[in-house]
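Asks: Before we start, here is the structure in question, set down as structure tokens.
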Amino acid sequence: MMFVEAGRLEWVEVSEPSLTDPAAVVVKPLAVARCDLDLPMAAAGLFPGPFAVGHETVAEVVAVGAAVTRVRCGEKVLVPFQISCGSCPRCVRHHYAACSYYRAPLGASFGFGSSGGDHGGALCDLLLVPAADHLLLTAPDAMANEGLATLSDNVTDAYRAVGPALAARPGADVLIVAATPGSISLYAAALALTLGAGTVRYLDVDADRVETAVALGADATHHEGPWPRRLERAEITVDATGQPDGLATVIRSTEPYGLCTSVAVYFDPNGEFIACLHCSANRVVAAYRVVLVRVIAAYSATSTATWWPGPAKVLGLRV
Numbered sequence: 034m035m036f037v038e039a040g041r042l043e044w045v046e047v048s049e050p051s052l053t054d055p056a057a058v059v060v061k062p063l064a065v066a067r068c069d070l071d072l073p074m075a076a077a078g079l080f081p082g083p084f085a086v087g088h089e090t091v092a093e094v095v096a097v098g099a100a101v102t103r104v105r106c107g108e109k110v111l112v113p114f115q116i117s118c119g120s121c122p123r124c125v126r127h128h129y130a131a132c133s134y135y136r137a138p139l140g141a142s143f144g145f146g147s148s149g150g151d152h153g154g155a156l157c158d159l160l161l162v163p164a165a166d167h168l169l170l171t172a173p174d175a176m177a178n179e180g181l182a183t184l185s186d187n188v189t190d191a192y193r194a195v196g197p198a199l200a201a202r203p204g205a206d207v208l209i210v211a212a213t214p215g216s217i218s219l220y221a222a223a224l225a226l227t228l229g230a231g232t233v234r235y236l237d238v239d240a241d242r243v244e245t246a247v248a249l250g251a252d253a254t255h256h257e258g259p260w261p262r263r264l265e266r267a268e269i270t271v272d273a274t275g276q277p278d279g280l281a282t283v284i285r286s287t288e289p290y291g292l293c294t295s296v297a298v299y300f301d302p303n304g305e306f307i308a309c310l311h312c313s314a315n316r317v318v319a320a321y322r323v324v325l326v327r328v329i330a331a332y333s334a335t336s337t338a339t340w341w342p343g344p345a346k347v348l349g350l351r352v
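Here it is in structure tokens:
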């Protein structure tokens, strides 16, 4: 699947990837999830096209390079959307998002064309994955492919917003405020509940997501009208509004010495996509290869998988 221009995506026949890199593998995507960024990317043309899209996937390994020792053919793997070598000085320090070898304007990644280093996209029959022994993670057996596909980006982003904070502050109250289309806010609510938050309050302009948040066990409220100056404060807050006034509300609603994390995408007055590009250029983004390991551990620790929010129509999954 190729992004051609704003509002236009097409299926295109291309040559199969060539396994010339001995450290690489070829995988067959089994399911691809839609990232919260994919809709504005496809509609507004955030990055120059044409390029192959899709960066959240679970896949089967179908061919391995001569130097690959840990990954085997037939294995089901999670493919982190960020690409890193695993051996440069930054990767040795687990700063994978700042890999010195794989570099690009947005940070090396699948699904963003030249902005991500031209590594292809997951909405395809076959995908070449470099540094496979370092990059790929064995997929948990108990979860469906359409759920596994979300782990490499959106779920990991949600965990980044609440997981480390709750580990440092067990039982803390969590406030999540959402407005932008997408699923990360729901994943954050589900993870906060699973990881032992005190209360999880969820405020959203989208009635369907509010209904899902209630089903998950959150204290959820449908918001209409302008954002208030402040909500009841919480130690841990998550901004998913994508609106400056909403972000200001969330910041003011954070307890003194609390932690506020934004998982939203922001644009300047000209419609320029700025927040993630700025963070990536300055290597402020999370090293998802590190956080993904913790996400898998969180999933494996709960046999009921209570943090998997479903249903697909609300979360925006596409298989």
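Counted the way this note's numbering counts, the sequence shown spans residues 34 to 352.
In this text, a Cβ means the ideal position worked out from N, Cα and C, and glycines have one as well.
When the Cα of residue 48 is compared with those of 163, 328, 141, 153, which residue comes out closest?
Replies: For the residues 163, 328, 141, 153, the minimum Cα distance to residue 48 belongs to 153.
Asks: Can you tell me whether residue 41 is helix, strand or coil according to DSSP?
Replies: The answer is strand: DSSP assigns residue 41 an E or B state.
Asks: So the alpha helix (DSSP H) residue 124 belongs to, where does it begin and stop?
Replies: Element bounds for residue 124: 122 to 125.
Asks: Taking the alpha carbon of residue 258 as the reference point, which residue from 187, 290, 278 has its own alpha carbon closest?
Replies: When only C-alpha atoms are compared, the closest one is 278.
Asks: Please decide whether residue 160 counts as near chain C, where near means a Cβ-Cβ distance under 7 Å.
Replies: Absent from the structure: chain C. Only one protein chain is present.
Asks: Alpha carbon to alpha carbon, how far is residue 39 from residue 290?
Replies: Rounded to whole angstroms, residue 39 to residue 290 spans 42 Å at the Cα level.
Asks: Going by the DSSP bridge assignment, what does residue 295 pair with across the sheet?
Replies: The partner list for residue 295 (beta bridge, DSSP) reads 272.
Asks: Quick check: what's the CA-CA separation for residue 11 versus residue 240?
Replies: What is shown of the chain runs 34 to 352, which leaves residue 11 out entirely.
Asks: Report the three-state DSSP secondary structure of residue 197 (helix, strand or coil).
Replies: DSSP places residue 197 in helix when its eight states are reduced to three.
Asks: Select from 300, 226, 165 the residue whose C-alpha is nearest the C-alpha of residue 276.
Replies: Of 300, 226, 165, the residue nearest in Cα terms is 300.
Asks: Here's a check: name, in chain order, each residue in its chain whose Cβ is nearer than 6 Å to the Cβ of residue 314, leaving out the five neighbours to either side.
Replies: Because residue 314 carries a pLDDT of 37, less than 50, the predicted location of this residue cannot be relied on, and no value is offered for it.
Asks: Grab me the residues of residue 308's own chain with a C-beta within less than 7 Å of its C-beta, minus the 5 sequence neighbours each way, in chain order.
Replies: Here the model assigns residue 308 a pLDDT of 48, short of 50, so the residue's position is not dependable and the matter cannot be decided.
Asks: For residue 92, which residues does DSSP report across the bridge?
Replies: Answer is 62, 110.
Asks: Nearest-angstrom Cα distance between residue 267 and residue 286?
Replies: Cα to Cα, residue 267 sits roughly 7 Å from residue 286.
Asks: Ignore the nearest five residues each way along the sequence and tell me which others in residue 73's own chain have a CB closer than 7 Å to its CB.
Replies: Closer than 7 Å at the Cβ level, and outside the excluded window around residue 73, lie 79, 298.
Asks: Please look up how many angstroms separate the CB atoms of residue 234 and residue 208, rounded, as I've assumed it's under 8 Å.
Replies: With a Cβ gap of about 5 Å, residue 234 and residue 208 count as contacting.
Asks: From 113, 57, 133, pick the residue whose C-alpha is nearest to that of residue 353; which is it?
Replies: Past the edges of the chain, shown from 34 to 352, lies residue 353, and the structure says nothing about it.
Asks: Please report the distance separating the alpha-carbon of residue 265 from that of residue 122.
Replies: So the two alpha carbons sit approximately 44 Å from each other.
Asks: Residue 96 and residue 59 - do their beta-carbons sit closer together than 7 Å?
Replies: It is a contact, given that the beta carbons lie within the stated cut-off.
Asks: Could you check what DSSP says for residue 116 in three-state terms: helix, strand or coil?
Replies: If DSSP states are grouped into helix, strand and coil, residue 116 belongs with coil.
Asks: So for residue 74, helix, strand or coil by DSSP?
Replies: Looking at residue 74 - three-state DSSP - the assignment turns out to be helix.
Asks: Need the endpoints of the alpha helix (DSSP H) that residue 255 sits in, please.
Replies: Counting along the chain, residue 255 falls outside any alpha helix (DSSP H), though it belongs to the beta strand (DSSP E) covering 252 to 255.
Asks: With contact counted as at least three CB pairs below 8 Å, one residue from each stretch, are the segment 160 to 170 and the segment 101 to 115 in contact?
Replies: They touch, by the three-pair rule.
Asks: Would you decide whether residue 53 is buried or exposed? Buried here means 16 or more other CB atoms lie within 10 Å of its CB.
Replies: Exposed, because fewer than 16 other Cβ atoms sit within 10 Å of the Cβ of residue 53.
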